[in-house]
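Worksheet for the structure shown next.
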Amino acid sequence: MTSASPVDHGKLAYDRQEVADALYRWALGLDTGDAEMFASALTEDVVVDFTRAGAKLGLTYPAIHGREIAVHALISSIGPLDTTHSATNVRVAMDGDRATLQAHVLAQHFPPGEGSAPDRTRHGLAMNRYSGELVRSGETWRFTRLSADNLWFEGDPKITSGEL
1 MTSASPVDHG
11 KLAYDRQEVA
21 DALYRWALGL
31 DTGDAEMFAS
41 ALTEDVVVDF
51 TRAGAKLGLT
61 YPAIHGREIA
71 VHALISSIGP
81 LDTTHSATNV
91 RVAMDGDRAT
101 LQAHVLAQHF
111 PPGEGSAPDR
121 TRHGLAMNRY
131 SGELVRSGET
141 WRFTRLSADN
151 LWFEGDPKIT
161 SGEL
């Protein structure tokens, strides 16, 4: 009879927090237009797929293949906007150096410079369910795949696509 190796609960909790941190780097990178931070959350061959979320809003978001393309496409379209991406209900499942993540992300979008103006009402407020697959890259966790499905939306969807 062999016994399973003991689970290091401290290491498991640390890894789960680091997986969640990939989502936080993604969100803060978008909100601040910080391409380096945003890129740190992605593997070189990442697939970002928001096609389902876009379709529900009448928008065409093609799947994006590759970190360089994702950084250019999303930082240039979302980065200039006044945005906040807030992640909640983050759930992480670990499997060695691989992980999956589920979360709700509430994303508020205003045209550039208009987010704090009280008389501005044109906006896009989206609640999306994110699903991600991640791998450990050294000590850093990065998304290999990230997809979103829209749960509800309020406002003008064109703002979320960078169409102002």
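Going by the UniProt record's numbering, 18 is the number at position 18 of the sequence shown; the sequence numbering is gapless. The beta-carbon is built from N, C-alpha and C at its ideal position, and this holds for glycine as well.
Going straight from the alpha carbon of residue 25 to that of residue 38, what length do you get? Rounded to the nearest angstrom, the two C-alpha atoms are 6 Å apart.
According to DSSP, residue 155 sits in a beta bridge with which residue or residues? Here residue 155 is bridged, per DSSP, to 124.
Identify every run of the beta strand (DSSP E) within the UniProt domain "SnoaL-like" (15-146), keeping only runs that are complete inside it and at least 3 residues long; order them along the chain. Entirely contained in the UniProt domain "SnoaL-like" (15-146), the beta strand (DSSP E) runs reaching 3 residues are, in chain order, 42-49, 82-95, 98-110, 124-137.
Using only alpha-carbon positions, find the residue among 127, 150, 92 that is nearest to residue 14. Residue 14 has its Cα closest to that of 92, out of 127, 150, 92.
Rounded to a whole number of angstroms, what is the C-alpha to C-alpha distance between residue 54 and residue 10? Take the alpha-carbon of residue 54 and the one of residue 10: they are about 39 Å apart.
Could you compute how far the alpha carbon of residue 129 sits from the alpha carbon of residue 107? One alpha carbon belongs to residue 129, the other to residue 107, and they sit about 11 Å apart.
In the structure shown, what three-state DSSP assignment does residue 148 receive? Residue state, collapsed to three classes: strand.
Counting Cβ pairs closer than 8 Å, one from the segment 56-63 and one from the segment 78-97, do we hit at least three? The segment 56-63 vs the segment 78-97: no contact.
Nearest-angstrom Cα separation, counted from residue 50 out to residue 149: Separation of residue 149 and residue 50 (C-alpha to C-alpha, rounded to the nearest whole angstrom) is 7 Å.
Under 8 Å: do the segment 72-79 and the segment 111-124 share three or more Cβ pairs, one atom per stretch? The segment 72-79 vs the segment 111-124: no contact.
Less than 6 Å between C-beta atoms, sequence neighbours within five positions excluded: which residues of the same chain meet that for residue 40? Excluding sequence neighbours, residue 40 sits near 25.
How big is the Cα-Cα spacing for residue 105 and residue 43? The alpha-carbon atoms of residue 105 and residue 43 are separated by roughly 21 Å.
Verify the CB distance criterion: does residue 8 have a CB-CB separation below 7 Å to chain D? Of the chains in the structure shown, none is chain D; there is only one protein chain.
Relative to the C-alpha of residue 78, which candidate in 90, 134, 34 has its C-alpha closest? A check of alpha carbon separations from residue 78 across 90, 134, 34 identifies 34 as the nearest.
What do you get for residue 147, buried or exposed, if any count of 16 or more other CB atoms within 10 angstroms of its CB means buried? So residue 147 counts as buried.
Closest residue to residue 81 among 90, 31, 87, 126 (Cα-Cα distance): It is 31.
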